[in-house]
Amino acid sequence: MHIHNAIYNTIHKDGISLSRASGIADFLLLYIKTPTLLQVYENTYTITDPSVVIISGYTPYKYLSVTKPYCDDYIHFLPRDTDGFLKELHFPLNKPIKINNHHLIDPIIHAICREYYEATEYVLDIQYHQMMLLMSRIGESWSAEHYQNSHVPYFENLMTIRKKVLADPTKNWKIKDLAKETTLSPAYFQVLYKKAFGTTCLSDIIDNKIATAKEYLLSTDMSVADISVELGYSQVYHFIRQFKKNTGVTPGAFRKSMR
Numbered sequence: 378m379h380i381h382n383a384i385y386n387t388i389h390k391d392g393i394s395l396s397r398a399s400g401i402a403d404f405l406l407l408y409i410k411t412p413t414l415l416q417v418y419e420n421t422y423t424i425t426d427p428s429v430v431i432i433s434g435y436t437p438y439k440y441l442s443v444t445k446p447y448c449d450d451y452i453h454f455l456p457r458d459t460d461g462f463l464k465e466l467h468f469p470l471n472k473p474i475k476i477n478n479h480h481l482i483d484p485i486i487h488a489i490c491r492e493y494y495e496a497t498e499y500v501l502d503i504q505y506h507q508m509m510l511l512m513s514r515i516g517e518s519w520s521a522e523h524y525q526n527s528h529v530p531y532f533e534n535l536m537t538i539r540k541k542v543l544a545d546p547t548k549n550w551k552i553k554d555l556a557k558e559t560t561l562s563p564a565y566f567q568v569l570y571k572k573a574f575g576t577t578c579l580s581d582i583i584d585n586k587i588a589t590a591k592e593y594l595l596s597t598d599m600s601v602a603d604i605s606v607e608l609g610y611s612q613v614y615h616f617i618r619q620f621k622k623n624t625g626v627t628p629g630a631f632r633k634s635m636r
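Here my numbering is used: the first residue of the sequence shown is 378, the next is one more, and so on.
Below you can see the structure in the form of structure tokens.
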């Protein structure tokens with residue numbers, strides 16, 4: 378993953394009007410935080426909520442702020458393997474995606490920008506993992522807004538539960554308590570959850586904790602024990618076992634390999 382430029386929390390006090398009739402050579406990730414009109418090809422989008430758009434190379438685009446000031450983050454990047462990168466995305470390019478997990482996405486972008494300017498020895502490996510974490514978080518927002526299995530009974534209740542779980546990886550979630558919120562038995566809750574989202578609620582809980590643990594390991598100096606406490610584990614050994622089962626390496630080995 379080659380990052381060519383990365384800026385966090387840019388503010389234009391007088392607004393902005395920018396046009397790239399022929400696009401640019403690399404990919405552009407824009408995290409637009411203020412009301413904006415965006416045009417990609419011939420498609421025009423009115424952005425009222427914080428949204429991310431990834432614009433592919435040589436794609437014409439322009440955007441105009443609706444209010445002042447205008448605020449965004451942006452990252453110019455080019456994957457080592459573009460085809461492989463695109464296969465791993467779970468959301469469309471060149472279309473804005475409303476972000477419902479800002480508190481998870483914001484620190485990743487901040488860490489990416491910081492890493493870009495520090496340029497450490499293993500910067501390319503670190504940037505790759507940070508960018509893929511960011512893509513996963515964006516995919517979560519996309520899924521929350523566009524999941525097609527709305528015919529599943531209690532879908533809205535299940536979606537509310539899923540958003541709650543994904544928004545707070547630090548909580549020690551219990552299936553029986555989540556099922557109770559939907560007035561379903563734990564067994565039926567788990568069956569419907571799997572039908573609705575293609576994964577189990579427990580997998581969502583664990584995967585979310587592990588993804589957040591990776592963020593902490595890459596972007597902070599927190600100890601493994603402190604991270605386990607932050608993510609709601611009662612025993613650091615349980616956290617280490619779960620992390621290794623999910624990733625194939627221990628938290629300490631993961632951090633060491635990225636530094």
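Glycine included, each C-beta is placed from N, C-alpha and C at the ideal position.
Residue i, DSSP secondary structure in three states
i	result
Arg-539	helix
Asn-585	helix
Gln-612	coil
Asp-450	strand
Leu-466	coil
Leu-501	helix
Tyr-385	strand
Val-430	strand
Ile-485	helix
Ile-474	strand
Gly-575	coil
Gly-461	helix
Lys-551	coil
Ser-600	coil
Tyr-593	helix
Gly-629	helix
Tyr-494	helix
His-479	helix
Gly-392	coil
Val-529	coil
Lys-621	helix
Lys-557	helix
Contact under 8 Å by Cβ, residue i with residue j
i	j	result
Ile-452	Ile-489	yes
Tyr-435	Leu-395	no
Met-508	Phe-454	yes
Gln-567	Met-378	no
Ala-588	Ser-520	no
Leu-579	Ala-590	no
Tyr-531	Thr-559	yes
Val-529	Ala-573	yes
Ser-518	Ile-474	yes
Tyr-493	Asp-450	no
Identified DSSP bridge partners for residue i
i	result
Gln-416	Thr-421, Lys-439
Ser-562	The partner list for Ser-562 (beta bridge, DSSP) is empty, contrary to what the question assumes.
Arg-397	Tyr-438
Val-568	Bridge partners of Val-568: none, in fact.
His-379	Leu-455
Tyr-408	Val-429, Asp-450
Reference residue i; option with closest CA among the options
i	options	result
Ser-442	Tyr-422, Leu-414, Pro-469	Leu-414
Gly-575	Met-536, Asp-598, Lys-553	Met-536
Asp-403	Gln-416, Ile-432, Glu-419	Ile-432
Lys-390	Pro-456, Tyr-447, Lys-622	Tyr-447
Lys-472	Gly-516, Val-529, Tyr-570	Gly-516
Ile-638	Thr-411, Glu-498, Lys-571	This structure does not reach residue 638, given that the chain is present from 378 up to 636, and the question cannot be answered.
Thr-421	Tyr-438, Leu-406, Thr-411	Tyr-438
Asn-623	Ile-583, Arg-632, Val-613	Ile-583
Ile-485	Leu-511, Asn-477, Asp-460	Leu-511
Ser-634	Thr-411, Arg-491, Leu-501, Arg-397	Leu-501
Glu-419	Asp-450, Thr-411, Arg-397	Arg-397
Thr-577	Asp-598, Leu-555, Leu-595	Leu-555
Leu-405	Trp-550, Leu-470, Glu-495, Thr-411	Leu-470
Lys-586	Arg-457, Tyr-610, Met-599, Ser-596	Tyr-610
His-487	Val-606, Val-613, Thr-597, Tyr-499	Thr-597
Glu-495	Lys-621, Ile-380, Val-613, Tyr-565	Ile-380
Contact with chain B by residue i, beta-carbon distance below 8 Å
i	result
Ile-432	Looking at the structure shown, chain B is missing, and only one protein chain is on hand.
The region 628-635 / the region 610-620 touching (three or more Cβ pairs under 8 Å): yes
Touch test, the region 424-437 against the region 378-394, Cβ-Cβ under 8 Å, three pairs minimum: no
The region 470-481 touching the region 540-560, judged by at least three CB pairs closer than 8 Å: yes
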